[in-house]
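A short write-up of the structure that comes next.
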Amino acid sequence: MSAEISVTYPDGRTVSTVVGPTAGELLRKWNPEGFGPVLAATWDGRPVDLSFVPASSGTLAPLTFRERAGRDILQHSAAHLVAKAIVERIPNALPTAGPPTEEGFYYDFDVRPLTPEDLDAVRAAMDRAVAEDLRFERVEVDRAEAARLAGSNPHKLGYLADIPPGSPVSFYRTGTFLDLCLGPHVPSTKWLAGVHILGFSAITAGGVKDGDPRQRIRGVGFPTKPELAEFLKLRAVAEARDHRTLGQKLELFSFSDEAPGFPFWHPNGMVIVRELERFVSEHYSEDGYREIRTPLMFAKSVFERSGHWEHYRQNMFLTEADGREFGWKPMNCPGAMMIFQSRARSYRELPLRLAEFAPLHRFEPSGTLHGLTRVREFVQDDAHLFVTEEQIEGELVRLLKWIDRAFTTFRLTWSYELSKRPAQFLGDPSEWDRAEAVLEKVLKGSGIEYTTSPGEGAFYAPKIDIHVRDSLGRPWQTGTIQLDYQMPARFGLEYQGADGRLHRPVVIHRTILGTWERFLGVLLEHCDGRLPPWLSPTQVRILPLAERHDAAADQLAGRLRTAHLRVDRAGSDETLSKRVRQAEIDRIPYLIVLGDQEVANATVALRVRGEKGQKTLSESDATARMVRAVEHRSFDP
RNA sequence: GCCACUGUAGCUCAGCCUGGUAGAGCGGCUGAUUCGUAAUCAGCAGGUCGGGGGUUCAAGUCCCUCCAGUGGCUCCA
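Here's what the structure looks like:
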């Protein structure tokens, strides 16, 4: 009965013990001081409950919130608590699945549409359950018993059928609530005091378009209430940074009911767009790009040739003229192909880098529109590189360098994703394999970390996508680099090689910042509207202390404009404090106060955004400082 | 596009549950104040309550519908 086993701990210590103590008891004995809240354990690397009783020799380690597996266990236990609460309120609700996610957890239910009142009731029921400190009790049963327990829930019976024969079937009991579940779980509901319901929404089963309707409750869990409070605080701060709010406050852009998804760029916003365009254009001149402009719409035949008609039409705005069908271009590639094709080309012209800043139109489903980050009309920093097979790698390496420089300028962090051949694709799989291999080789050769997404490529090419995150941590795709063998073939592109024969170029489609719209949306949230001086619509605001300083302020404004700074001048009939406050709210990088002292000494009192107080310096020193920050495109003023 | 929720002054919101024909703060305008680094005082203007339809003696308020927005789902730069 009292068989001896040996237990090995993470620090390498091994102890002998009789069979009987639980994982939790063994861990306490090993490290009585504890390591903060232990949620569960791993036994031979496999997650188990703290109530698990080791019956043979093995290794035992604690799982805390710091480990992803531990964190997931807490989230999943929280999901059980939500299910318990829902079933208590709506007895005929059928729980389906409730996994942990990147952010927290959710649980999907087959149930009538939920209401905000339901959510209040769920929150209250969860608080009660936490106060009652109910155990998560593991119940292992045989198949027949499992089928009986899952009983009235066809979804659970479905999951049961998916469990391989011979594998143990377990349920977890929390109070009166019983759920089919692999586990493990936290020991009891006391561990779930830091759980918060984020919201609910309707979804469709399996995430597919025509799936059965389900109700999803989303939440997030932390080991303690203070940690939850910290999370909620950060979240509130992030929400206050929403680019849609900032765009309105700073008068950058707006939208109208009568043009859903189409941004209106106000004067302040337009300054930023033009500066971004100038930033990119300067790089283009340095890096051998030529700029083009091609039609905003084409006859259907062009899109039939490019493949858009077959693969992208549902995302295009269509129109009709002269009895012919036209489409608004969703991408610039067809126009670029047609310019390449317009005359015979020599290998001496390659790589031919054609850039285009043209408005593109995509018919995005209404439910997907979101501020500036998902719109129906936008402009990309787009270019098409026509290259020989040998030039591909060199061009890609140049692009990766530009990405580094560009995103560093904005102090953004970004990540790479390699997207491979989708289900619907043009051309020959072997060409896709070749293109994918080249992209992979360049990424690896540059020592870049990236994720791989099979099936996520564009219909005409595999791609390297660039993602940045917004203030709520939601990732957004900005740039994309696509290696395309299809479009040149479909447009019959050719150049004459040194060998005198005709060859087909390869096309690299690339946009780096992505679209001005999405990029600016993310950037605004990133910096809370405190744009670097070179992008600020107003770079300097002059505050005359009193009316008698108005004339001097106007003259200074004129001189600063001559130095190519964007300047405005506040009126003098409000208090200085109020005008300084307004300038801070307007996120103006530089404030200059002019009073008797400054006028008398030809100095200015310069207040720099983000710095406390102000300093008095000569007008020329102040001007030089501001001009330098703007010209160097410094991130901070 | 799907589901739920929301739509009141330029902005943020109260009023809606329990129908009796609109309210605050900020902003704007006017006047006073001329001030030394995050909100000076007073007055005035501003809304056919998202559009349409219905119920009712009476609709911002209740019902239907369309549009838009928000949160998710799917999709995507």
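Count along the first sequence from 1, then add 512; that gives the number in our numbering. From the three backbone atoms N, C-alpha and C, an ideal C-beta is built for every residue, glycine too. Small disclaimer: the values here were computed from a predicted structure and weren't measured.
Closest by C-alpha distance to Asp834, out of Thr613, Phe810 and His820, is Phe810. Looking at the backbone, the Cα of Thr1128 and that of Ala1112 are separated by about 13 Å.
Per DSSP, Thr529 is one residue of the beta strand (DSSP E) stretching across Thr526 to Val530. Only residues of its own chain outside the window of five on either side were considered, and among them His755, Gly883, Leu884 and Thr885 have a CB closer than 7 Å to the CB of Gly1033, listed in chain order.
Exclusion of the five residues before and after Ser518 leaves Thr526, Ser528 and Ser569 as the residues of its chain whose Cβ lies within less than 6 Å of its Cβ. Per DSSP, the continuous alpha helix (DSSP H) segment holding Pro846 begins and ends at Cys845 to Gln853. At the C-beta level, Val1079 and Val1052 come within 8 Å of one another. Listed in chain order, the alpha helix (DSSP H) runs fully inside the region 795-844 are 812-818 and 820-823, counting runs of at least 4 residues. For the options Leu694, Phe815 and Thr964, the alpha carbon positioned closest to that of Met843 is the one of Phe815. In this structure, Ala973 places its C-beta atom within 8 Å of the C-beta atom of Ala947.
Looking at the DSSP output, Thr963 sits in a beta bridge with Glu929.
Contact between the region 892-901 and the region 863-882 is established, with three or more Cβ pairs separated by less than 8 Å. Cβ-Cβ separation between Ala656 and Val681: approximately 10 Å, too far for a contact (criterion under 8 Å). A direct Cα-to-Cα measurement between His778 and Leu1068 gives close to 26 Å.
Glu952 is positioned such that its CB atom lies no closer than 8 Å to that of Leu924. DSSP, reduced to helix, strand and coil, places Asp654 outside both helices and strands of the structure shown, so it counts as coil. At a Cβ-Cβ threshold of 8 Å, Gly1122 and Pro1149 count as neighbours.
In the DSSP assignment, Asp1066 falls within the unbroken alpha helix (DSSP H) covering Asp1062 to Thr1074. Between Asp799 and the set Arg578, Asp1108, Arg917 and Glu968, the nearest pair of CA atoms involves Arg917. Distances from the CA of Glu1143 to each of Trp1046, Ser664 and Ser1084 were compared; the closest alpha carbon is that of Trp1046. A distance below 7 Å between beta-carbons, with the five flanking residues on each side excluded, links Leu606 to the following residues of its chain, in chain order: Phe621, Asp622, Val623, Asn665 and His667. A straight line joining the alpha-carbon of Ile915 with that of Pro846 spans about 25 Å.
Between Ala553 and Leu575, the gap from beta carbon to beta carbon is short of 8 Å. In this structure, DSSP gives Gly1107 a state outside helix and strand, which the three-state scheme calls coil.
Thr613 is the residue among Leu881, Gly839, Thr613 and Tyr796 whose C-alpha sits nearest the C-alpha of Arg728. When Leu593, Pro603 and Glu600 are compared, the shortest CA-CA separation from Gly610 is found for Leu593.
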